[in-house]
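The structure under discussion appears below in the form of structure tokens.
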Amino acid sequence: TGPDSIRLTWDEVDDAMAYWVYRSESSSGEYILIGGTDQDYYIDRNLEKGETYYYKVKAVSKSGEESGFSNKAHATTDKDDNALDAPKNLEAEADGPDSIILTWDKVKNARKYYIYRSETSSGTYKYIDWTDDTEYIDDGLKSNKTYYYKVKAVDRYNNESSYSNKAYARTDKD
Numbered sequence: 232t233g234p235d236s237i238r239l240t241w242d243e244v245d246d247a248m249a250y251w252v253y254r255s256e257s258s259s260g261e262y263i264l265i266g267g268t269d270q271d272y273y274i275d276r277n278l279e280k281g282e283t284y285y286y287k288v289k290a291v292s293k294s295g296e297e298s299g300f301s302n303k304a305h306a307t308t309d310k311d312d313n314a315l316d317a318p319k320n321l322e323a324e325a326d327g328p329d330s331i332i333l334t335w336d337k338v339k340n341a342r343k344y345y346i347y348r349s350e351t352s353s354g355t356y357k358y359i360d361w362t363d364d365t366e367y368i369d370d371g372l373k374s375n376k377t378y379y380y381k382v383k384a385v386d387r388y389n390n391e392s393s394y395s396n397k398a399y400a401r402t403d404k405d
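Going letter by letter, the sequence shown gives residues 232 to 405 in this note's numbering.
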């Protein structure tokens, strides 16, 4: 289960060729066929965050006969209200004529960080790379030039935080 998907699993039924999966948005509501699979699991995708969904499954034999409904199951998608904090205390420091070292504080629940760079203070920041660490070395830069950076934290669902503070450094002269 994530913010927009639910994984359903069940025990295989002997002689079943496929399984039909039905969903309702209320415990006593109408169940609508949403898909089928020949596996003993189904992933329901593109759901609303923080909502509860109800499911039933039918087995289908090779001859096309359908079983009765399984027991009813329910699950709630994660709220995942993008509560990731933006990285704090981003700092940039020259590391020779062609590289800059970036460091920042670890963000709770972040799985990785996206690095953005601009060549002007008020310019467009372009994505350049990612890291799962709180340090990044940007190399292959021009000497004696100022570069500006921002960082975003990214969680396991690929939700992004807002930008960190801006940091900049000037590469050393050759």
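For glycine and all other residues, C-beta sits at the position ideal for the given N, C-alpha and C.
Selection from the options that minimises the alpha carbon distance to residue i
i: Pro426; options: Asp235, Ala341 and Gly371; result: Residue 426 falls outside the range modelled here, since the chain spans only 232 to 405, and no answer is possible.
i: Tyr250; options: Glu296, Tyr380, Val385 and Gly371; result: Glu296
i: Tyr253; options: Lys289, Gly281 and Asp235; result: Lys289
i: Thr365; options: Lys280, Ala306, Ser292 and Lys381; result: Lys381
i: Met248; options: Thr240, Leu278, Ala384 and Ser298; result: Ser298
i: Tyr379; options: Asn389, Arg348 and Tyr394; result: Arg348
i: Asp269; options: Ile346, Glu243, Leu321 and Asn396; result: Glu243
Coarse secondary structure for residue i, derived from DSSP in three states
i: Leu315; result: coil
i: Val338; result: coil
i: Thr261; result: Note that residue 261 is Glu in the sequence shown here, rather than Thr. Three-state DSSP puts Glu261 in coil, outside helix and strand.
i: Asp403; result: coil
i: Tyr345; result: strand
i: Leu239; result: strand
i: Thr365; result: coil
i: Val382; result: strand
Residue i - partner residues in DSSP beta bridges
i: Tyr286; result: Arg254 and Ala304
i: Ser330; result: Asp370
i: Ile359; result: In the DSSP output, where bridge partners are listed per residue, Ile359 has none listed.
Cβ distance (whole Å) where residue i is taken to contact residue j below 8 Å
i: Leu315; j: Ser392; result: 4 Å
i: Asp309; j: Lys280; result: 7 Å
i: Lys293; j: Asp245; result: Not really, about 11 Å apart at Cβ, beyond 8 Å.
Quick check: the stretch 254 to 262 against the stretch 281 to 291, are there 3 or more CB pairs under 8 Å? yes
At least three beta-carbon pairs within less than 8 Å, the stretch 351 to 361 to the stretch 294 to 303: no
Within 8 Å, do at least three Cβ pairs link the stretch 396 to 403 to the stretch 322 to 337? yes
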